[in-house]
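**Q** For the sequence shown, the positions run 91 to 438 when the numbering used here is used. Backbone N, C-alpha and C fix where the C-beta goes; we use that ideal spot for every residue, glycine too. Here it is, the structure, as structure tokens.
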Amino acid sequence: MSTPPDLRTRYLGLDLRSPIVASASPLNDQLESVRSIEDAGAAAIVMPSLFEEEILFEEIDLNMSLESGSGHFAEALDYFPAVIEIATAADRYLARLETIKAQCSVPVIASLNATSTGAWIRYARLMADAGADALELNLYHVAADQQRNAADMEGADLDVIAAVRAEIDIPLAVKLSPYYSAMANFAALVVAAGADGLVLFNRFYQPDLDLDTLDVVPRIELSHQWELRLPLRWVAILRPQLDAAVSLAATSGIATGSDVVKALLVGSDVAMMASALLRDGPGHIAPVEQQLRDWMDGHGYESVSQIRGSASHATSDDPTAFERANYMRTLYSWTAPGELGNFGPDHT
Ligand SMILES: Cc1cc2nc3c(=O)[nH]c(=O)nc-3n(C[C@H](O)[C@H](O)[C@H](O)COP(=O)(O)O)c2cc1C
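Below, the structure written as structure tokens:
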């Protein structure tokens, strides 16, 4: 009988049993679903982000209810002792983190999305103190201010990363959006600012319009497998340019063992899943791991480390395959339904 493939990988300095990680989503917020995800074989879990807005909205709500109460009743002073006992969104997040950490054996990565530098630093420290094995900074903003150029926006992000890095000792990952104007350069700067790893990419959720009310409505759609191509390209391009110690996680569109293999081939250390688990349930991790094993068996790979990077930018026969040259080839590869051949000049 052949030896089973070795799925172990390292991510952010953590030793993981496999490269399959549960990406930040509401599933990873509750002990019950986290346990199911762990039982199904997830190597680590990323908790959903703590959002600074969440904390601020709650504080505003609380102040408003206190103020409205104090004007009406003489007993309003009774409100104050209760305030001390009210758990904020941050308190609740930290309590969940502690519980999940205590009850699960896989590494737990906390996630933070703040808007002010002070909050990034403060909550990063609290998450590290609560026992997070690593922290993922979820940088998510839209460059909508005409007065702020790319350098201003990137500089602000880098300041936050450096400030958080200086505050905590646990490993630090930065989850990026794909919309930075010079991605390879910015990725290098993020690492220089202190990130131990990059998570590529955050998905941007595009709001829609309701044609009856004319309101802007939030719409969240789970991802499709083709969305993996964006992180695939960028992991392939960045892997050879970054120090080998820098971890890379692929996220977006990973739903099957084949997707995990692709993420590894271009040089990811881990492949993260959120939509597939929300769609098919936490148990979906197990068949994905089996598909990965089957592929490794079928293709003669003994370990994940053997797969990793074997199709990345540097090792590929065509180093520009993930860059410009592919643009023309891709356009010409389109075939109209019913057509026999491709359009464009003959490039075979
Ligand atoms: C319902 C939902 C909630 C999410 N919440 C978070 C979050 O709190 N923080 C974060 O960084 N990413 C969050 N994400 C993004 C996922 O972690 C993941 O990066 C993204 O969905 C792409 O992966 P997928 O194709 O496997 O879904 C969320 C995604 C979904 C679908």
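(1) Quick one: using the 10 Å Cβ neighbour count with 16 as the cut-off for buried, is F294 buried or exposed?
(2) Determine which residues share a DSSP beta bridge with V136 and list them.
(3) Express the C-alpha separation of A130 and A224 in angstroms, rounding to a whole number.
(4) Is there contact here, the region 308–319 with the region 237–252, by at least three beta-carbon pairs under 8 Å?
(5) In whole angstroms, what is the alpha-carbon distance linking M137 and A426?
(6) Note down the Cα distance separating P441 from M363, rounded to an integer number of angstroms.
(7) Reducing DSSP to helix, strand and coil, say where V232 ends up.
(8) Since V356 contacts V325 with CB under 8 Å, what's their CB separation in whole angstroms?
(9) Could you say if the region 252–259 and the region 287–302 meet the contact criterion of at least three C-beta pairs nearer than 8 Å?
(10) Is there contact between the region 106–120 and the region 366–380, where contact requires at least three CB pairs shorter than 8 Å?
(11) Any contact between the region 253–269 and the region 199–214? By contact I mean 3 or more CB pairs, one from each, below 8 Å.
(12) From the DSSP output, in three-state form, read off L299 for me.
(13) Leaving out five residues on either side along the sequence, give the residues of the same chain with a beta carbon under 7 Å from the beta carbon of R215.
(14) Given a threshold of 16 other Cβ atoms within 10 Å of its Cβ, counted over all protein chains shown, does E226 qualify as buried or as exposed?
(15) Can you round the beta-carbon distance between D387 and G347 to whole angstroms, since I take them to be within the 8 Å contact cut?
(16) Given A177, which residues of its chain have a CB within under 6 Å of its CB, disregarding the five upstream and five downstream residues?
(17) Can you give me the C-alpha to C-alpha distance between A133 and V360, rounded to a whole angstrom?
(18) Mind checking which residues open and close the alpha helix (DSSP H) that includes I110?
(19) Of the residues Y183, L121, E142, F412, which one's Cα is nearest the Cα of V196?
(20) Apart from the five residues on each side of it in sequence, which residues of its chain come closer than 8 Å, Cβ to Cβ, to S92?
(21) Taking just the CA atoms, how far does H231 sit from L106?
(22) Just the C-alpha distance for N228 and M217, rounded to the nearest angstrom, thanks.
(23) For T341, which three-state DSSP category applies?
(24) What separation, rounded to the nearest whole angstrom, lies between the Cα atoms of A209 and R419?
(25) F291 by DSSP, collapsed to three states: which one?
(26) For I127 and Q193, what's the separation of their Cα atoms in angstroms?
(27) Tell me the DSSP secondary structure of E226 in three-state form.
(28) For D96 and I211, what's the separation of their Cα atoms in angstroms?
(29) Can you say whether R323 is buried or exposed, counting buried as having 16 or more other CB atoms within 10 angstroms of its CB?
(30) Any idea if L421 is buried or exposed, counting beta-carbon neighbours within 10 angstroms, 16 or more meaning buried?
(31) Output needed for A185: all residues of its chain with C-beta closer than 6 Å, excluding positions within five of it in sequence on either side, in chain order.
(32) Could you tell me whether the Cβ atoms of R329 and G399 are closer together than 7 Å?
(33) On the DSSP letters alone, give me the boundaries of the beta strand (DSSP E) that D105 sits inside.
(34) Considering only their Cβ atoms, is the gap separating V289 from T205 smaller than 7 Å?
(35) Quick check on this structure: which residue in A274, A366, P377 has the alpha carbon closest to the alpha carbon of Q331?
**A** Quick look at the numbers:
(1) Numbered from its first residue, the sequence shown carries residue 294 at position 204. The residue is exposed, with fewer than 16 neighbouring Cβ atoms inside 10 Å.
(2) Here the question's residue 136 lines up with position 46 in the sequence shown. The partner list for V136 (beta bridge, DSSP) reads I199.
(3) On the sequence shown, residue 224 is found 134 positions in, with the first residue counted as 1. On the sequence shown, residue 130 is found 40 positions in, with the first residue counted as 1. Taking the straight line joining both Cα atoms gives about 22 Å.
(4) Remark: fewer than three beta-carbon pairs, one from each stretch, lie closer than 8 Å, so the region 308–319 and the region 237–252 are not flagged as touching.
(5) Numbered from its first residue, the sequence shown carries residue 137 at position 47. Numbered from its first residue, the sequence shown carries residue 426 at position 336. Spanning the two alpha carbons is a distance of roughly 44 Å.
(6) The displayed coordinates of the chain run from 91 to 438. Any statement about residue 441 would go beyond what the structure contains.
(7) Start at 1 with the first residue of the sequence shown, and residue 232 comes out as number 142. Of the three classes helix, strand and coil, the one that applies to V232 here is coil, per DSSP.
(8) To locate residue 356, count along the sequence shown from 1; it is residue 266. To locate residue 325, count along the sequence shown from 1; it is residue 235. Rounded, the Cβ-Cβ distance is 5 Å, consistent with contact.
(9) no
(10) With the cut-off at 8 Å, the region 106–120 and the region 366–380 touch.
(11) Contact holds: three or more Cβ-Cβ distances are below 8 Å.
(12) Residue numbering aside, residue 299 sits at position 209 when the sequence shown is read from its first letter. L299 falls in the strand class under three-state DSSP.
(13) Within the sequence shown, residue 215 is the residue found at index 125, counting from 1. Counting only Cβ-Cβ distances below 7 Å, and skipping sequence neighbours, we find E257, I258.
(14) For the purposes of this step, residue 226 is taken as residue 136 along the sequence shown, with counting starting at 1. It is buried - the Cβ of E226 has at least 16 other Cβ atoms within 10 Å.
(15) Indexing the sequence shown from 1 puts residue 387 at position 297. Indexing the sequence shown from 1 puts residue 347 at position 257. In fact, because the Cβ distance is near 11 Å, the residues do not count as touching under 8 Å.
(16) For this step, residue 177 is matched to residue 87 along the sequence shown. None.
(17) In the sequence shown, counting from the first residue as 1, residue 133 sits at position 43. In the sequence shown, counting from the first residue as 1, residue 360 sits at position 270. CA-CA distance, A133 to V360, rounds to 9 Å.
(18) Numbered from its first residue, the sequence shown carries residue 110 at position 20. Looking at the DSSP string, I110 is not in any alpha helix (DSSP H); the run it does join, the beta strand (DSSP E), is 110–112.
(19) Within the sequence shown, numbered from 1, the residue matching residue 196 stands at position 106. In terms of Cα proximity to V196, the closest of Y183, L121, E142, F412 is L121.
(20) By 1-based counting over the sequence shown, the position of residue 92 is 2. Answer for S92: D387, listed in chain order.
(21) For the purposes of this step, residue 106 is taken as residue 16 along the sequence shown, with counting starting at 1. For the purposes of this step, residue 231 is taken as residue 141 along the sequence shown, with counting starting at 1. Going from the Cα of L106 to the Cα of H231 covers about 31 Å.
(22) In the sequence shown, the residue the question calls residue 228 occupies position 138. In the sequence shown, the residue the question calls residue 217 occupies position 127. Cα to Cα, the separation comes out at about 14 Å.
(23) Stepping through the sequence shown from its first residue, residue 341 is reached at position 251. Correct three-state label for T341: strand.
(24) Translated into the one-based positions of the sequence shown, residue 209 becomes position 119. Translated into the one-based positions of the sequence shown, residue 419 becomes position 329. Each residue's Cα considered, the two are about 47 Å apart.
(25) Taking the first residue of the sequence shown as 1, we reach residue 291 at position 201. Three-state DSSP puts F291 in coil, outside helix and strand.
(26) Here the question's residue 127 lines up with position 37 in the sequence shown. Here the question's residue 193 lines up with position 103 in the sequence shown. Looking at the two C-alpha atoms, the distance is approximately 13 Å.
(27) Indexing the sequence shown from 1 puts residue 226 at position 136. Looking at E226 - three-state DSSP - the assignment turns out to be strand.
(28) In the sequence shown, counting from the first residue as 1, residue 96 sits at position 6. In the sequence shown, counting from the first residue as 1, residue 211 sits at position 121. Answer to the nearest angstrom: the Cα atoms are 38 Å apart.
(29) In the sequence shown, residue 323 corresponds to position 233, counting from 1. By the neighbour-count rule (16 or more Cβ atoms within 10 Å), R323 is buried.
(30) Position 331 of the sequence shown, counting from 1, holds the residue named residue 421. With fewer than 16 other Cβ atoms within 10 Å, it is exposed.
(31) Sequence index remark: in the sequence shown, residue 185 carries index 95 (1-based). Around A185: no qualifying Cβ.
(32) Residue 329 sits at position 239 when you count from the first residue of the sequence shown. Residue 399 sits at position 309 when you count from the first residue of the sequence shown. Yes, the pair counts as a contact, with Cβ atoms nearer than the cut-off.
(33) The residue you call residue 105 lines up with position 15 of the sequence shown. Judged by DSSP secondary structure, D105 falls within the beta strand (DSSP E) whose first and last residues are 104–106.
(34) Indexing the sequence shown from 1 puts residue 205 at position 115. Indexing the sequence shown from 1 puts residue 289 at position 199. Not a contact, by the Cβ cut-off of 7 Å.
(35) Position 241 of the sequence shown, counted from the start, is the residue given in the question as residue 331. Nearest C-alpha to Q331: A274.
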